[in-house]
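Here this note's numbering is used: the first residue of the sequence shown is 205, the next is one more, and so on.
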Amino acid sequence: MYAACLLSCNKAQDNKVMKPKEAIFARDSTAVESYLQQSYNLRVKDSINGGDWEYSNMYISQQIQFHISLEKKKDNDSIKGSYLFKAYGKIKEEGVITGIIKEKKMVIEFYPTSYPAEDKGKAELLDWNEKNYYYMNWNLIKSPKKSSVPEKCKLTKFRPSTGKKRGRIYIR
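Set out below in structure tokens:
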């Protein structure tokens, strides 16, 4: 009869033999964590389809606006989109976004349409509020040479007004 034993990966306990119950628990918890992460990524991906997010700060001297538009690609966790950066009410930069959703964040590459695609920037979109996915944080990792996009900002999902008015109109 062969006895099955699994060795621990913990360096402090190199010679400790894991019991089968411990090994199963470790494997199951890893599977559950992987499933929860995939589920979260899917919810994020579903929330971005056709979504527009915007950051604006009209109180600083530059009066900047940063707008991104994202949509799902047919690939599993891939997204594509565009971005627009305005300062003083004028378009300073617009470009293309591609990326993937992994590890509870979106890692994107972007580049301005007026510059070569070889000079790509890289950013993370993360920290979605899980209640309604209307907010996320932009964190710039690498900027293209001539880019003006912000380093960090909180983007809010843009919801255009429906044109409906509440209340009644009284005519005298």
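Beta carbons: idealized from backbone N, C-alpha and C, even for Gly. Source: prediction; values computed, not measured.
Is it true that the CB of residue j sits closer than 8 angstroms to the CB of residue i?
i	j	result
Gly285	Ile272	yes
Lys358	Asn343	no
Asp331	Lys306	no
Phe289	Ser352	yes
Ile283	Met310	yes
Tyr338	Lys324	no
In or out: residue i buried (at least 16 other Cβ within 10 Å) or exposed?
i	result
Lys308	exposed
Ser318	exposed
Lys350	exposed
Phe362	exposed
Ala321	exposed
With DSSP as the reference, label residue i as helix, strand or coil.
i	result
Glu237	helix
Tyr287	strand
Val353	coil
Lys215	Note that Lys215 scores 47 on pLDDT, short of 50, meaning its location in the model is unreliable and no value can be drawn from it.
Phe362	coil
Thr317	coil
Tyr338	coil
Lys306	strand
Glu282	Residue identity differs from the one stated: residue 282 is Ser in this sequence, not Glu. Ser282: strand per DSSP, three-state reduction.
Which residues does DSSP list as the beta-bridge partners of residue i?
i	result
Ser260	Gln269
Glu275	Lys284
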